[in-house]
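First residue of the sequence shown: 50, per my numbering; consecutive thereafter. Just so it is clear, CB atoms sit at the ideal spot from N, CA and C, and this is done for glycine as well. Data block below; observations after.
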Amino acid sequence: MVRPLVYLVDASIYIFRAYFAIPDKFHSRNGEAINAVYGYTNFLLDLLERKPNYISVAFDKSLVGCFRNEIYPAYKANRDLPDENLLFQLAKCEEVTQLLGIHNLSLERYEADDIIGTLHKKIALPKVIVTRDKDLGQLIGPEDTLWDFANGIRSSRSDIRKKIGIWPEQIPDYLALAGDPVDNIPGAPGIGAKTAAALLTEFGSLEEIYSSLNQVSTMELRGAKKIYHVLVEYQDQIMLYRRITGIVCDIPIEISLKDLQLTSLMIENIMGFFNEMSFPEKVFKRIEYLK
Numbered sequence: 050m051v052r053p054l055v056y057l058v059d060a061s062i063y064i065f066r067a068y069f070a071i072p073d074k075f076h077s078r079n080g081e082a083i084n085a086v087y088g089y090t091n092f093l094l095d096l097l098e099r100k101p102n103y104i105s106v107a108f109d110k111s112l113v114g115c116f117r118n119e120i121y122p123a124y125k126a127n128r129d130l131p132d133e134n135l136l137f138q139l140a141k142c143e144e145v146t147q148l149l150g151i152h153n154l155s156l157e158r159y160e161a162d163d164i165i166g167t168l169h170k171k172i173a174l175p176k177v178i179v180t181r182d183k184d185l186g187q188l189i190g191p192e193d194t195l196w197d198f199a200n201g202i203r204s205s206r207s208d209i210r211k212k213i214g215i216w217p218e219q220i221p222d223y224l225a226l227a228g229d230p231v232d233n234i235p236g237a238p239g240i241g242a243k244t245a246a247a248l249l250t251e252f253g254s255l256e257e258i259y260s261s262l263n264q265v266s267t268m269e270l271r272g273a274k275k276i277y278h279v280l281v282e283y284q285d286q287i288m289l290y291r292r293i294t295g296i297v298c299d300i301p302i303e304i305s306l307k308d309l310q311l312t313s314l315m316i317e318n319i320m321g322f323f324n325e326m327s328f329p330e331k332v333f334k335r336i337e338y339l340k
């Protein structure tokens, strides 16, 4: 018997993609730019046309700070803060998600990744994580899929292993060692992606690397002795980075599988929203297929 899939959607990836990729030629009745709202709404309609049994969309309310910033203030400090229009569009994206009857969550201290991680752990069904964010790959289990929707790329555990040389559950350790420029995590000096993957292939985890540290200098790895000294010198920093690269999977929220079912479409409210946004007629017509 084929078990139903649970779609867990990383909203921010697709909102920001639309914001930067779609020309500023779409405006609401009040004149606000709504290119991100337009692109994101079409993305949601694409998903809904697949008739998902269960779906939840996670938003990043913590764009200006989350618990990771308390641990490491430089986390994502390389990113510009959203301006007034982008904040407006983010709110409208959340609104249209609700109007389309899709379960959605956002939390002050946690990121969308953590919401997805918590739902992933709570629900015992195969999951499709809809995102382009490599960090979410760490959640992928034997029955799960990481789906880069925009590029049509689906990745299993083995696909992730082939691509970066490690298993999904090793990704937090990998990022702590190699760094993640997107999130402003420098990693350990001189330990890049290949070295981090080699260390984790040999030892399995960051904890085991440090439990067997003396073995690092004798590895058949270029610059093994230097790598050993880097691991010793930067141990505190690496362990700090590890605290922020791991996705939280135990946020105290009450939720059931039933909550992730689509609710009835509020057609009148949706049409009112589309009118407010001055969406072209073709977007209105797409709603007909969802009734």
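Simplified DSSP assignment, three categories, for residue i
| i | result |
| --- | --- |
| S105 | strand |
| T267 | helix |
| R117 | helix |
| I215 | coil |
| A245 | helix |
| D197 | strand |
| L94 | helix |
| K141 | helix |
| S207 | helix |
| I316 | helix |
| V177 | strand |
| I234 | strand |
| I202 | strand |
| A345 | Outside the shown range of the chain, which is 50 to 340, sits residue 345, and nothing can be said about it. |
| E192 | coil |
| L135 | helix |
| G239 | coil |
| Q286 | helix |
| D129 | coil |
| Q310 | coil |
| I64 | helix |
Buried versus exposed call for residue i [16 or more other C-beta atoms within 10 Å across all chains shown]
| i | result |
| --- | --- |
| P101 | buried |
| H278 | exposed |
| E160 | buried |
| L57 | buried |
| K176 | buried |
| Y338 | exposed |
| F198 | buried |
| N84 | buried |
| R117 | buried |
| S261 | exposed |
| S111 | buried |
| G166 | buried |
| K141 | buried |
| G186 | buried |
| D59 | buried |
| F69 | exposed |
| M326 | buried |
Sequence-distant residues of its chain with Cβ nearer than 8 Å to residue i (five each side left out)
| i | result |
| --- | --- |
| N200 | R181 |
| S254 | Q219 and D222 |
| T250 | G214 and I215 |
| V332 | Y87, T90, N91, L94 and F323 |
| S313 | G150 |
Neighbourhood of residue i by C-beta distance below 7 Å, restricted to the same chain and skipping five residues each side
| i | result |
| --- | --- |
| E81 | N134 and F137 |
| N233 | A123, Y124, K125, A126 and N127 |
| F252 | I258 and S261 |
Extent of the continuous beta strand (DSSP E) to which residue i belongs
| i | result |
| --- | --- |
| N153 | H152 to S155 |
| I258 | I258 -> not in any beta strand (DSSP E); alpha helix (DSSP H) instead, spanning L255 to S260. |
Proximal residues to residue i (C-beta, below 6 Å), its chain only, five neighbours per side dropped
| i | result |
| --- | --- |
| W196 | V177, V179 and R203 |
| M315 | L148 |
| L224 | T294 |
| S155 | F108 and K110 |
| H152 | S105, D308 and L309 |
| I164 | A107 and L154 |
N- and C-terminal bounds of the alpha helix (DSSP H) containing residue i
| i | result |
| --- | --- |
| D59 | Segment V55 to D59 is the beta strand (DSSP E) holding D59; no alpha helix (DSSP H) there. |
| L280 | A273 to E282 |
| F333 | E330 to E337 |
| Y223 | I220 to A227 |
| K6 | Residue 6 is absent from the structure shown; the chain starts at 50 and stops at 340. |
| L168 | A161 to K171 |
Any 3 or more C-beta pairs closer than 8 Å across the segment 245-264 and the segment 211-229: With a cut-off of 8 Å, the segment 211-229 and the segment 245-264 count as touching, because enough Cβ pairs lie within range.
Cβ pair count under 8 Å reaching 3, the segment 61-70 against the segment 87-107: yes
The segment 102-111 contacting the segment 144-164, beta-carbon criterion three pairs below 8 Å: yes
Contact the segment 129-138 vs the segment 282-296: 3+ CB pairs below 8 Å: no
Given 8 Å, three or more beta-carbon pairs between the segment 163-171 and the segment 297-313: Judged by Cβ distances under 8 Å, the segment 163-171 makes contact with the segment 297-313, as three or more pairs qualify.
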